[in-house]
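Here the structure is laid out as C-alpha coordinates; the discussion comes afterwards.
In our numbering, the protein residues as written are 1 to 560.
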(Lines of atoms letter the chains of each structure in order from A; the text may use other names.)
(Lines give C-alpha, C1' and ligand atoms only; values in the text may rest on other atoms or scores of the structure.)
Protein backbone atom coordinates (compact mmCIF):
# COMPACT_ATOMS: atom_id res chain seq x y z
CA UNK A 1 0.00 0.00 0.00
CA UNK A 2 2.71 2.60 0.81
CA UNK A 3 4.30 1.83 -2.57
CA UNK A 4 1.10 2.70 -4.45
CA UNK A 5 0.74 5.91 -2.45
CA UNK A 6 4.29 6.98 -3.34
CA UNK A 7 3.66 6.33 -7.06
CA UNK A 8 0.51 8.44 -7.09
CA UNK A 9 2.11 11.28 -5.09
CA UNK A 10 5.16 11.28 -7.40
CA UNK A 11 2.94 11.57 -10.51
CA UNK A 12 0.94 14.43 -8.98
CA UNK A 13 4.16 16.30 -8.10
CA UNK A 14 5.60 15.84 -11.62
CA UNK A 15 2.42 17.04 -13.34
CA UNK A 16 2.13 20.07 -11.05
CA UNK A 17 5.43 21.54 -12.28
CA UNK A 18 4.53 24.64 -14.38
CA UNK A 19 5.97 25.01 -17.83
CA UNK A 20 5.60 28.78 -17.83
CA UNK A 21 7.27 31.52 -19.78
CA UNK A 22 9.35 34.22 -18.13
CA UNK A 23 8.77 37.38 -20.12
CA UNK A 24 11.80 39.57 -20.57
CA UNK A 25 11.06 42.99 -19.25
CA UNK A 26 13.60 45.54 -20.31
CA UNK A 27 14.53 48.22 -17.85
CA UNK A 28 14.02 51.81 -18.93
CA UNK A 29 17.80 52.46 -18.89
CA UNK A 30 20.40 49.69 -19.28
CA UNK A 31 23.86 50.37 -17.86
CA UNK A 32 26.62 49.05 -20.14
CA UNK A 33 30.29 48.89 -19.15
CA UNK A 34 33.58 48.27 -20.91
CA UNK A 35 37.35 48.85 -21.01
CA UNK A 36 38.41 52.50 -21.42
CA UNK A 37 41.59 51.62 -23.35
CA UNK A 38 41.01 48.59 -25.58
CA UNK A 39 41.04 50.06 -29.11
CA UNK A 40 39.65 49.53 -31.65
CA UNK A 41 37.00 47.54 -29.72
CA UNK A 42 36.26 50.11 -26.99
CA UNK A 43 38.02 53.22 -25.75
CA UNK A 44 37.55 56.87 -24.77
CA UNK A 45 38.10 59.17 -27.76
CA UNK A 46 39.74 62.58 -27.78
CA UNK A 47 36.53 64.17 -26.46
CA UNK A 48 36.45 61.73 -23.54
CA UNK A 49 33.40 59.90 -24.96
CA UNK A 50 32.97 56.10 -25.33
CA UNK A 51 33.88 55.00 -28.86
CA UNK A 52 34.92 51.97 -30.88
CA UNK A 53 33.43 48.84 -32.42
CA UNK A 54 31.76 47.56 -29.22
CA UNK A 55 30.25 50.96 -28.44
CA UNK A 56 28.76 51.49 -31.90
CA UNK A 57 27.41 47.91 -31.91
CA UNK A 58 25.76 48.43 -28.49
CA UNK A 59 24.04 51.62 -29.65
CA UNK A 60 22.80 49.86 -32.81
CA UNK A 61 21.33 47.01 -30.72
CA UNK A 62 19.62 49.53 -28.43
CA UNK A 63 18.13 51.21 -31.50
CA UNK A 64 16.63 48.06 -33.06
CA UNK A 65 15.43 46.66 -29.71
CA UNK A 66 13.90 49.94 -28.52
CA UNK A 67 15.70 50.50 -25.21
CA UNK A 68 18.10 53.14 -23.90
CA UNK A 69 21.69 52.49 -22.81
CA UNK A 70 24.18 54.38 -20.66
CA UNK A 71 27.74 53.39 -21.60
CA UNK A 72 30.58 53.90 -19.10
CA UNK A 73 34.19 52.81 -19.66
CA UNK A 74 36.90 52.30 -17.05
CA UNK A 75 39.78 50.02 -16.09
CA UNK A 76 38.89 46.44 -16.90
CA UNK A 77 39.38 44.95 -13.46
CA UNK A 78 37.15 47.63 -11.91
CA UNK A 79 34.43 47.15 -14.54
CA UNK A 80 34.33 43.41 -13.86
CA UNK A 81 33.84 44.08 -10.15
CA UNK A 82 31.12 46.65 -10.92
CA UNK A 83 29.24 44.03 -12.97
CA UNK A 84 29.44 41.49 -10.14
CA UNK A 85 28.25 44.14 -7.63
CA UNK A 86 25.28 45.09 -9.82
CA UNK A 87 26.51 48.65 -10.45
CA UNK A 88 26.31 47.98 -14.20
CA UNK A 89 24.05 45.52 -16.03
CA UNK A 90 26.16 44.18 -18.89
CA UNK A 91 29.72 44.23 -20.25
CA UNK A 92 29.79 44.88 -23.99
CA UNK A 93 32.94 42.86 -24.62
CA UNK A 94 34.30 39.87 -22.65
CA UNK A 95 36.28 36.86 -23.87
CA UNK A 96 34.53 33.57 -23.13
CA UNK A 97 36.21 30.81 -21.14
CA UNK A 98 35.06 27.75 -19.21
CA UNK A 99 36.10 29.31 -15.88
CA UNK A 100 34.26 32.55 -16.62
CA UNK A 101 31.21 30.59 -17.70
CA UNK A 102 30.72 29.55 -14.08
CA UNK A 103 30.21 33.19 -13.09
CA UNK A 104 28.85 34.91 -16.20
CA UNK A 105 26.35 34.26 -19.01
CA UNK A 106 27.61 34.99 -22.55
CA UNK A 107 25.83 36.06 -25.75
CA UNK A 108 26.74 34.60 -29.14
CA UNK A 109 30.12 36.12 -30.12
CA UNK A 110 30.21 39.35 -32.11
CA UNK A 111 33.98 39.08 -32.73
CA UNK A 112 36.84 36.58 -32.52
CA UNK A 113 39.86 37.57 -30.40
CA UNK A 114 43.38 36.29 -31.01
CA UNK A 115 46.00 36.75 -28.30
CA UNK A 116 49.62 37.51 -29.23
CA UNK A 117 52.92 37.55 -27.39
CA UNK A 118 54.80 40.81 -28.09
CA UNK A 119 58.54 41.21 -27.63
CA UNK A 120 61.26 43.64 -28.63
CA UNK A 121 62.72 43.32 -32.12
CA UNK A 122 65.44 40.71 -32.36
CA UNK A 123 63.97 38.40 -29.68
CA UNK A 124 63.26 34.78 -30.61
CA UNK A 125 59.76 33.57 -31.51
CA UNK A 126 57.57 31.83 -28.90
CA UNK A 127 55.86 28.62 -29.98
CA UNK A 128 54.66 27.12 -26.68
CA UNK A 129 53.68 28.39 -23.24
CA UNK A 130 56.43 26.31 -21.68
CA UNK A 131 59.01 28.70 -23.20
CA UNK A 132 57.64 31.48 -20.94
CA UNK A 133 58.60 29.68 -17.73
CA UNK A 134 60.75 31.90 -15.54
CA UNK A 135 60.23 34.89 -17.85
CA UNK A 136 58.81 38.28 -16.82
CA UNK A 137 55.45 38.65 -18.63
CA UNK A 138 53.25 41.78 -18.63
CA UNK A 139 49.47 41.16 -18.69
CA UNK A 140 46.32 43.19 -18.09
CA UNK A 141 44.96 42.68 -14.58
CA UNK A 142 41.69 40.76 -14.67
CA UNK A 143 42.04 40.05 -18.39
CA UNK A 144 41.57 36.65 -20.02
CA UNK A 145 45.33 36.03 -20.28
CA UNK A 146 45.77 36.84 -16.59
CA UNK A 147 43.08 34.28 -15.77
CA UNK A 148 44.59 31.74 -18.18
CA UNK A 149 48.20 31.99 -16.97
CA UNK A 150 47.08 31.59 -13.35
CA UNK A 151 44.98 28.57 -14.25
CA UNK A 152 47.70 26.87 -16.34
CA UNK A 153 50.47 27.61 -13.81
CA UNK A 154 52.93 28.47 -16.55
CA UNK A 155 55.60 29.52 -14.08
CA UNK A 156 56.09 33.01 -15.54
CA UNK A 157 56.57 36.08 -13.33
CA UNK A 158 53.46 38.13 -13.98
CA UNK A 159 53.58 41.92 -14.09
CA UNK A 160 50.04 43.32 -13.80
CA UNK A 161 49.00 46.57 -15.52
CA UNK A 162 45.64 48.31 -16.06
CA UNK A 163 45.62 48.54 -19.87
CA UNK A 164 47.14 47.04 -23.02
CA UNK A 165 48.74 50.42 -23.74
CA UNK A 166 50.56 50.34 -20.39
CA UNK A 167 51.80 46.81 -21.15
CA UNK A 168 53.21 47.77 -24.55
CA UNK A 169 54.82 51.02 -23.28
CA UNK A 170 56.52 49.10 -20.46
CA UNK A 171 57.85 46.49 -22.90
CA UNK A 172 59.05 49.14 -25.38
CA UNK A 173 60.93 50.94 -22.58
CA UNK A 174 63.18 47.88 -22.21
CA UNK A 175 61.57 46.40 -19.09
CA UNK A 176 60.52 42.72 -18.74
CA UNK A 177 60.61 40.00 -21.39
CA UNK A 178 57.17 39.81 -22.99
CA UNK A 179 53.76 41.48 -23.11
CA UNK A 180 50.73 39.25 -23.61
CA UNK A 181 47.89 41.24 -25.23
CA UNK A 182 45.06 40.84 -27.77
CA UNK A 183 46.41 40.91 -31.33
CA UNK A 184 44.33 43.72 -32.94
CA UNK A 185 44.55 46.10 -29.94
CA UNK A 186 48.30 45.39 -29.84
CA UNK A 187 48.74 46.28 -33.53
CA UNK A 188 46.50 49.34 -33.19
CA UNK A 189 48.29 50.70 -30.11
CA UNK A 190 51.73 49.95 -31.56
CA UNK A 191 50.91 52.21 -34.52
CA UNK A 192 49.11 54.89 -32.49
CA UNK A 193 51.88 55.13 -29.89
CA UNK A 194 54.63 54.70 -32.54
CA UNK A 195 56.28 51.82 -30.63
CA UNK A 196 58.50 50.76 -33.51
CA UNK A 197 60.77 48.46 -31.45
CA UNK A 198 58.14 45.86 -30.50
CA UNK A 199 56.61 43.12 -32.68
CA UNK A 200 54.39 40.05 -32.17
CA UNK A 201 56.55 36.93 -31.79
CA UNK A 202 54.00 34.18 -31.19
CA UNK A 203 50.35 33.09 -31.06
CA UNK A 204 50.31 29.90 -28.96
CA UNK A 205 46.59 30.31 -28.20
CA UNK A 206 43.49 29.40 -30.16
CA UNK A 207 40.93 31.96 -31.28
CA UNK A 208 38.55 33.05 -28.48
CA UNK A 209 34.88 34.08 -28.66
CA UNK A 210 34.20 37.69 -27.67
CA UNK A 211 30.71 38.99 -26.85
CA UNK A 212 28.29 40.46 -24.32
CA UNK A 213 28.23 39.10 -20.76
CA UNK A 214 25.97 39.40 -17.73
CA UNK A 215 25.84 37.78 -14.31
CA UNK A 216 24.06 34.44 -13.94
CA UNK A 217 20.96 36.07 -12.42
CA UNK A 218 20.22 38.25 -15.47
CA UNK A 219 19.56 35.93 -18.48
CA UNK A 220 16.53 37.94 -19.66
CA UNK A 221 18.69 41.01 -20.35
CA UNK A 222 21.26 38.88 -22.21
CA UNK A 223 18.44 37.48 -24.37
CA UNK A 224 17.59 41.01 -25.52
CA UNK A 225 21.19 41.73 -26.55
CA UNK A 226 21.44 38.31 -28.28
CA UNK A 227 18.22 38.99 -30.22
CA UNK A 228 19.38 42.47 -31.23
CA UNK A 229 22.76 41.06 -32.32
CA UNK A 230 20.97 38.44 -34.45
CA UNK A 231 18.93 41.17 -36.16
CA UNK A 232 22.05 43.24 -36.93
CA UNK A 233 23.85 40.16 -38.31
CA UNK A 234 20.93 39.19 -40.55
CA UNK A 235 20.54 42.72 -41.92
CA UNK A 236 24.29 43.12 -42.55
CA UNK A 237 24.58 46.08 -40.21
CA UNK A 238 26.87 44.28 -37.75
CA UNK A 239 29.25 43.38 -40.59
CA UNK A 240 29.33 47.02 -41.69
CA UNK A 241 30.25 48.15 -38.17
CA UNK A 242 32.87 45.38 -37.96
CA UNK A 243 34.41 46.37 -41.30
CA UNK A 244 34.49 50.03 -40.27
CA UNK A 245 36.51 49.44 -37.09
CA UNK A 246 38.36 46.16 -37.55
CA UNK A 247 38.55 45.63 -41.32
CA UNK A 248 41.43 48.06 -41.96
CA UNK A 249 43.61 46.37 -39.32
CA UNK A 250 42.85 42.87 -40.61
CA UNK A 251 43.12 43.54 -44.35
CA UNK A 252 45.51 46.44 -44.76
CA UNK A 253 48.93 47.50 -43.62
CA UNK A 254 48.01 51.18 -43.68
CA UNK A 255 48.17 53.09 -40.35
CA UNK A 256 44.80 53.67 -38.71
CA UNK A 257 45.20 57.47 -38.75
CA UNK A 258 45.90 57.53 -42.48
CA UNK A 259 42.87 55.36 -43.16
CA UNK A 260 40.69 57.74 -41.16
CA UNK A 261 42.13 60.79 -42.94
CA UNK A 262 41.61 59.19 -46.35
CA UNK A 263 38.03 58.28 -45.49
CA UNK A 264 37.36 61.84 -44.31
CA UNK A 265 38.76 63.31 -47.55
CA UNK A 266 36.73 60.88 -49.66
CA UNK A 267 33.59 61.70 -47.67
CA UNK A 268 34.14 65.42 -48.13
CA UNK A 269 34.57 65.02 -51.90
CA UNK A 270 31.47 62.85 -52.07
CA UNK A 271 29.42 65.47 -50.20
CA UNK A 272 30.60 68.17 -52.63
CA UNK A 273 29.71 66.04 -55.67
CA UNK A 274 26.28 65.17 -54.27
CA UNK A 275 25.65 68.81 -53.38
CA UNK A 276 26.48 69.91 -56.93
CA UNK A 277 24.20 67.25 -58.40
CA UNK A 278 21.31 68.20 -56.10
CA UNK A 279 21.70 71.87 -56.96
CA UNK A 280 21.82 71.15 -60.67
CA UNK A 281 18.86 68.75 -60.76
CA UNK A 282 15.89 69.34 -58.41
CA UNK A 283 13.90 66.56 -60.00
CA UNK A 284 16.57 64.03 -59.16
CA UNK A 285 16.55 65.30 -55.57
CA UNK A 286 12.82 64.60 -55.24
CA UNK A 287 13.29 61.11 -56.69
CA UNK A 288 16.10 60.39 -54.23
CA UNK A 289 13.87 61.53 -51.35
CA UNK A 290 11.04 59.25 -52.46
CA UNK A 291 13.40 56.33 -52.88
CA UNK A 292 14.86 56.99 -49.44
CA UNK A 293 11.42 56.74 -47.86
CA UNK A 294 10.79 53.46 -49.68
CA UNK A 295 14.10 52.07 -48.42
CA UNK A 296 13.23 53.08 -44.87
CA UNK A 297 9.96 51.16 -45.11
CA UNK A 298 11.76 48.13 -46.54
CA UNK A 299 14.38 48.31 -43.78
CA UNK A 300 11.69 48.36 -41.09
CA UNK A 301 10.00 45.35 -42.70
CA UNK A 302 13.33 43.53 -42.81
CA UNK A 303 13.95 44.28 -39.12
CA UNK A 304 10.49 42.92 -38.29
CA UNK A 305 11.18 39.80 -40.36
CA UNK A 306 14.51 39.28 -38.58
CA UNK A 307 12.77 39.59 -35.22
CA UNK A 308 10.39 36.84 -36.37
CA UNK A 309 13.44 34.74 -37.33
CA UNK A 310 14.93 35.26 -33.85
CA UNK A 311 11.54 34.41 -32.34
CA UNK A 312 11.43 31.24 -34.42
CA UNK A 313 14.85 30.20 -33.04
CA UNK A 314 13.63 30.89 -29.50
CA UNK A 315 10.36 28.98 -30.07
CA UNK A 316 12.25 26.02 -31.50
CA UNK A 317 14.50 25.88 -28.44
CA UNK A 318 11.60 26.14 -26.00
CA UNK A 319 9.71 23.42 -27.88
CA UNK A 320 12.74 21.15 -27.59
CA UNK A 321 12.97 21.75 -23.82
CA UNK A 322 9.24 21.05 -23.33
CA UNK A 323 9.44 17.91 -25.48
CA UNK A 324 11.88 16.17 -23.11
CA UNK A 325 9.62 16.03 -19.98
CA UNK A 326 6.51 15.35 -22.08
CA UNK A 327 8.26 12.38 -23.72
CA UNK A 328 9.07 11.04 -20.26
CA UNK A 329 5.41 11.32 -19.26
CA UNK A 330 4.20 9.67 -22.48
CA UNK A 331 6.59 6.79 -21.79
CA UNK A 332 5.72 6.30 -18.11
CA UNK A 333 1.97 7.00 -17.94
CA UNK A 334 0.93 3.88 -19.94
CA UNK A 335 3.15 1.84 -17.61
CA UNK A 336 1.43 3.41 -14.59
CA UNK A 337 -1.97 2.51 -16.07
CA UNK A 338 -0.89 -1.11 -16.38
CA UNK A 339 0.49 -1.04 -12.82
CA UNK A 340 -2.85 0.25 -11.54
CA UNK A 341 -4.79 -2.36 -13.51
CA UNK A 342 -2.63 -5.10 -11.98
CA UNK A 343 -3.19 -3.65 -8.49
CA UNK A 344 -6.96 -3.22 -8.83
CA UNK A 345 -7.78 -6.83 -7.95
CA UNK A 346 -5.44 -6.78 -4.90
CA UNK A 347 -6.76 -3.44 -3.66
CA UNK A 348 -10.38 -4.51 -4.13
CA UNK A 349 -9.80 -7.78 -2.26
CA UNK A 350 -8.20 -5.84 0.60
CA UNK A 351 -11.16 -3.47 0.64
CA UNK A 352 -13.69 -6.32 0.75
CA UNK A 353 -11.79 -8.08 3.52
CA UNK A 354 -10.80 -5.12 5.74
CA UNK A 355 -13.11 -2.28 4.82
CA UNK A 356 -12.26 1.17 3.54
CA UNK A 357 -8.73 2.61 3.88
CA UNK A 358 -6.70 5.69 2.88
CA UNK A 359 -4.90 5.90 -0.46
CA UNK A 360 -2.95 9.06 -1.17
CA UNK A 361 -4.78 10.90 1.61
CA UNK A 362 -8.25 9.97 0.28
CA UNK A 363 -10.55 7.02 0.92
CA UNK A 364 -10.10 4.04 -1.37
CA UNK A 365 -13.84 3.83 -2.06
CA UNK A 366 -13.51 7.22 -3.78
CA UNK A 367 -10.08 6.83 -5.34
CA UNK A 368 -10.74 3.46 -7.07
CA UNK A 369 -13.06 5.18 -9.55
CA UNK A 370 -11.03 8.38 -9.89
CA UNK A 371 -7.49 7.02 -10.40
CA UNK A 372 -8.19 5.53 -13.89
CA UNK A 373 -9.83 8.78 -14.96
CA UNK A 374 -6.92 10.79 -13.53
CA UNK A 375 -4.37 8.68 -15.42
CA UNK A 376 -6.39 8.99 -18.66
CA UNK A 377 -6.65 12.77 -18.21
CA UNK A 378 -2.90 13.05 -17.55
CA UNK A 379 -2.11 10.99 -20.66
CA UNK A 380 -4.53 13.06 -22.79
CA UNK A 381 -3.02 16.32 -21.46
CA UNK A 382 0.51 15.12 -22.16
CA UNK A 383 -0.45 14.11 -25.71
CA UNK A 384 -1.93 17.59 -26.18
CA UNK A 385 1.38 19.13 -25.00
CA UNK A 386 3.24 16.99 -27.55
CA UNK A 387 0.87 18.08 -30.34
CA UNK A 388 1.33 21.78 -29.44
CA UNK A 389 5.13 21.31 -29.35
CA UNK A 390 5.04 19.76 -32.83
CA UNK A 391 2.93 22.69 -34.08
CA UNK A 392 5.42 25.17 -32.58
CA UNK A 393 8.30 23.42 -34.29
CA UNK A 394 6.51 23.55 -37.63
CA UNK A 395 5.72 27.23 -37.12
CA UNK A 396 9.37 28.04 -36.27
CA UNK A 397 10.73 26.06 -39.21
CA UNK A 398 12.29 28.13 -41.97
CA UNK A 399 10.18 27.55 -45.08
CA UNK A 400 11.55 27.26 -48.60
CA UNK A 401 11.14 30.35 -50.80
CA UNK A 402 9.22 28.43 -53.49
CA UNK A 403 5.51 27.72 -53.15
CA UNK A 404 5.30 24.11 -54.31
CA UNK A 405 3.75 22.35 -51.29
CA UNK A 406 0.38 20.66 -51.62
CA UNK A 407 -1.56 22.26 -48.75
CA UNK A 408 -4.84 21.36 -47.02
CA UNK A 409 -6.55 24.60 -45.88
CA UNK A 410 -8.49 22.83 -43.11
CA UNK A 411 -5.24 21.43 -41.63
CA UNK A 412 -3.60 24.87 -41.72
CA UNK A 413 -6.59 26.45 -39.92
CA UNK A 414 -6.65 23.68 -37.28
CA UNK A 415 -2.93 24.12 -36.58
CA UNK A 416 -3.26 27.91 -36.31
CA UNK A 417 -6.15 27.54 -33.83
CA UNK A 418 -4.08 25.22 -31.64
CA UNK A 419 -1.17 27.69 -31.58
CA UNK A 420 -3.34 30.61 -30.43
CA UNK A 421 -5.72 28.57 -28.29
CA UNK A 422 -4.79 30.45 -25.11
CA UNK A 423 -5.39 33.84 -26.77
CA UNK A 424 -8.78 32.65 -28.00
CA UNK A 425 -9.87 31.32 -24.59
CA UNK A 426 -8.81 34.57 -22.88
CA UNK A 427 -10.73 36.69 -25.42
CA UNK A 428 -14.07 34.97 -26.01
CA UNK A 429 -16.44 32.37 -24.65
CA UNK A 430 -18.04 31.89 -28.08
CA UNK A 431 -15.58 30.54 -30.65
CA UNK A 432 -16.80 28.27 -33.45
CA UNK A 433 -15.27 26.69 -36.55
CA UNK A 434 -17.09 25.33 -39.59
CA UNK A 435 -14.84 23.24 -41.86
CA UNK A 436 -15.87 22.69 -45.46
CA UNK A 437 -16.06 19.05 -46.52
CA UNK A 438 -13.73 17.48 -49.12
CA UNK A 439 -11.96 20.73 -49.94
CA UNK A 440 -9.46 20.69 -52.82
CA UNK A 441 -5.86 21.40 -51.93
CA UNK A 442 -3.82 24.37 -53.12
CA UNK A 443 -0.21 24.99 -54.09
CA UNK A 444 1.81 27.17 -51.73
CA UNK A 445 3.65 27.30 -48.43
CA UNK A 446 1.67 25.98 -45.44
CA UNK A 447 3.79 27.83 -42.88
CA UNK A 448 3.27 31.24 -44.52
CA UNK A 449 -0.51 30.77 -44.87
CA UNK A 450 -0.55 29.59 -41.24
CA UNK A 451 1.12 32.90 -40.29
CA UNK A 452 -1.69 34.77 -42.10
CA UNK A 453 -4.45 32.79 -40.36
CA UNK A 454 -2.84 33.34 -36.94
CA UNK A 455 -2.67 37.07 -37.63
CA UNK A 456 -6.35 37.22 -38.63
CA UNK A 457 -7.45 35.28 -35.53
CA UNK A 458 -5.35 37.41 -33.16
CA UNK A 459 -6.71 40.61 -34.77
CA UNK A 460 -10.25 39.30 -34.27
CA UNK A 461 -9.53 38.53 -30.60
CA UNK A 462 -8.11 42.02 -30.05
CA UNK A 463 -11.22 43.59 -31.59
CA UNK A 464 -13.60 42.01 -29.04
CA UNK A 465 -14.78 44.25 -26.22
CA UNK A 466 -15.91 41.41 -23.91
CA UNK A 467 -15.73 37.60 -23.71
CA UNK A 468 -19.47 37.46 -24.52
CA UNK A 469 -18.70 38.56 -28.08
CA UNK A 470 -17.92 35.75 -30.49
CA UNK A 471 -15.63 34.72 -33.35
CA UNK A 472 -16.53 32.36 -36.21
CA UNK A 473 -14.24 30.70 -38.76
CA UNK A 474 -15.57 29.12 -41.98
CA UNK A 475 -13.75 27.29 -44.79
CA UNK A 476 -15.56 26.71 -48.10
CA UNK A 477 -14.93 25.85 -51.76
CA UNK A 478 -16.35 27.97 -54.61
CA UNK A 479 -16.40 25.56 -57.57
CA UNK A 480 -17.65 28.19 -60.04
CA UNK A 481 -14.42 30.17 -59.51
CA UNK A 482 -12.21 27.29 -58.38
CA UNK A 483 -11.39 29.20 -55.20
CA UNK A 484 -10.90 28.24 -51.57
CA UNK A 485 -12.46 30.67 -49.10
CA UNK A 486 -11.64 31.29 -45.43
CA UNK A 487 -13.78 33.78 -43.51
CA UNK A 488 -12.89 35.08 -40.02
CA UNK A 489 -15.89 36.88 -38.52
CA UNK A 490 -15.76 38.76 -35.22
CA UNK A 491 -18.39 40.67 -33.23
CA UNK A 492 -15.89 43.34 -32.24
CA UNK A 493 -15.74 47.11 -32.39
CA UNK A 494 -15.61 47.26 -36.19
CA UNK A 495 -13.63 49.61 -38.44
CA UNK A 496 -14.47 53.07 -39.75
CA UNK A 497 -15.11 53.20 -43.55
CA UNK A 498 -12.22 55.64 -44.15
CA UNK A 499 -9.80 53.25 -42.42
CA UNK A 500 -10.95 50.08 -44.16
CA UNK A 501 -9.10 50.74 -47.43
CA UNK A 502 -5.81 51.41 -45.58
CA UNK A 503 -5.64 48.21 -43.51
CA UNK A 504 -2.98 46.61 -45.72
CA UNK A 505 -0.78 49.73 -45.92
CA UNK A 506 2.66 49.27 -44.27
CA UNK A 507 2.83 50.82 -40.78
CA UNK A 508 -0.85 51.80 -40.73
CA UNK A 509 -2.44 50.62 -37.46
CA UNK A 510 -5.35 51.56 -35.22
CA UNK A 511 -3.56 49.99 -32.23
CA UNK A 512 -0.48 52.19 -31.98
CA UNK A 513 -1.05 52.82 -28.27
CA UNK A 514 -1.16 49.05 -27.63
CA UNK A 515 2.20 48.57 -29.37
CA UNK A 516 0.92 47.73 -32.87
CA UNK A 517 3.43 48.17 -35.72
CA UNK A 518 1.01 48.09 -38.67
CA UNK A 519 3.04 45.36 -40.39
CA UNK A 520 0.80 42.33 -39.66
CA UNK A 521 -1.87 42.83 -42.34
CA UNK A 522 0.65 44.33 -44.76
CA UNK A 523 2.84 41.22 -44.54
CA UNK A 524 -0.26 38.97 -44.68
CA UNK A 525 -1.53 40.70 -47.81
CA UNK A 526 1.91 40.29 -49.43
CA UNK A 527 1.93 36.55 -48.61
CA UNK A 528 -1.55 36.07 -50.09
CA UNK A 529 -0.57 37.96 -53.24
CA UNK A 530 2.44 35.65 -53.62
CA UNK A 531 0.01 32.72 -53.55
CA UNK A 532 -2.19 34.28 -56.25
CA UNK A 533 -5.01 35.00 -53.78
CA UNK A 534 -6.77 38.01 -52.31
CA UNK A 535 -7.52 39.27 -48.81
CA UNK A 536 -10.54 41.56 -48.39
CA UNK A 537 -12.33 43.09 -45.39
CA UNK A 538 -15.92 44.02 -44.68
CA UNK A 539 -16.79 45.93 -41.52
CA UNK A 540 -19.22 48.29 -39.85
CA UNK A 541 -18.43 50.30 -36.69
CA UNK A 542 -19.78 48.59 -33.53
CA UNK A 543 -21.05 45.66 -35.64
CA UNK A 544 -17.90 43.61 -36.19
CA UNK A 545 -15.52 42.74 -39.02
CA UNK A 546 -15.27 39.97 -41.59
CA UNK A 547 -11.84 39.12 -43.07
CA UNK A 548 -12.16 36.94 -46.18
CA UNK A 549 -9.22 35.06 -47.68
CA UNK A 550 -9.43 33.62 -51.22
CA UNK A 551 -6.87 31.12 -52.58
CA UNK A 552 -6.82 29.42 -55.99
CA UNK A 553 -7.52 25.68 -55.77
CA UNK A 554 -5.20 23.55 -57.89
CA UNK A 555 -7.08 20.23 -58.01
CA UNK A 556 -9.88 18.35 -56.31
CA UNK A 557 -9.00 16.22 -53.30
CA UNK A 558 -9.15 12.50 -53.94
CA UNK A 559 -12.31 10.96 -52.44
CA UNK A 560 -11.54 7.61 -50.85
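All C-beta atoms in this analysis are idealised placements derived from N, C-alpha and C, irrespective of residue type, glycine included.
Values in this document were obtained by computation on a predicted structure and should not be read as measured data.
Taking 8 Å as the cut-off, the beta carbon of residue 442 is found closer than this to the beta carbon of residue 484. Three or more Cβ pairs closer than 8 Å define a contact, and the region 74-82 falls short of that threshold against the region 221-234. The Cβ atoms of residue 37 and residue 146 do not sit closer than 8 Å to each other. Take the alpha-carbon of residue 544 and the one of residue 471: they are about 10 Å apart. Assignment of residue 30 by DSSP, reduced to helix, strand and coil, places it in the strand class.
Taking C-beta separations shorter than 8 Å and ignoring five residues to either side along the sequence, the partners of residue 42 in its chain run 34, 35, 36, 50, 51, 52, 53, 54, 55, 73, 92 and 93, following chain order.
With 16 or more other CB atoms across the displayed protein chains lying within 10 angstroms of its CB, residue 106 is buried. Going by C-alpha positions, residue 525 is about 14 Å away from residue 459. According to the DSSP assignment, residue 205 belongs to no beta strand (DSSP E), since it is labelled neither H nor E. Sixteen is the threshold: when 16 or more other Cβ atoms of the shown chains lie within 10 Å of the Cβ of residue 531, as they do, the residue is buried. Nearest to residue 336 by alpha-carbon distance, out of 86, 376 and 80, is 376. Assignment of beta-bridge partners to residue 116 by DSSP yields 181. Straight-line spacing of the CA atoms in residue 412 and residue 450 works out to 6 Å. Here the region 460-467 lies against the region 425-437, with 3 or more beta-carbon pairs under 8 Å apart. Of the residues assessed, residue 226 falls on the buried side of the cut-off, its CB having 16 or more other CB atoms within 10 angstroms. In the assembly as shown, residue 272 is an exposed residue. Its beta-carbon has fewer than 16 other beta-carbons within 10 Å. Residue 150 is classed as exposed because its beta carbon has fewer than 16 other beta carbons within 10 Å across all chains shown. Boundaries of the beta strand (DSSP E) harbouring residue 547: 544-552, taken from the DSSP string.
For residue 474, the enclosing beta strand (DSSP E) covers residues 470-478. Inclusion of residue 115 and residue 180 in the CB contact set at 8 Å is warranted, their separation being smaller than that value.
Just so you know, the alpha carbons of residue 270 and residue 243 end up roughly 20 Å apart.
Between residue 533 and residue 477, the beta carbon gap of about 14 Å keeps them out of contact (Cβ cut-off 8 Å). Counting every other CB atom within 10 Å of its CB across the protein chains shown gives residue 118 a total of 16 or more, marking it as buried. Residue 490: member of the beta strand (DSSP E) spanning 483-490, first to last residue. Counting of Cβ neighbours within 10 angstroms places residue 539 among the buried residues, the total reaching 16 or more. Straight through space, the alpha carbons of residue 127 and residue 110 are spaced by roughly 28 Å. One thing to note: residue 535 has its Cβ within 8 Å of the Cβ of residue 528. By the CB criterion at 8 Å, residue 489 and residue 406 fall outside the cutoff.
Among the bridge pairs identified by DSSP, residue 43 is matched with 37 and 51. Taking the C-beta atoms as reference points, residue 480 is found no nearer than 8 Å to residue 548.
Boundaries cannot be given for residue 496, as no alpha helix (DSSP H) includes it and DSSP labels it neither H nor E. Taking the C-beta atoms as reference points, residue 246 is found no nearer than 8 Å to residue 95. Here residue 452 carries a helix assignment [DSSP, helix/strand/coil].
The distance from the Cβ of residue 68 to that of residue 30 is about 7 Å, consistent with a contact at the 8 Å cut-off.
Exclusion of the five residues before and after residue 86 leaves 215 as the residues of its chain whose Cβ lies within less than 8 Å of its Cβ.
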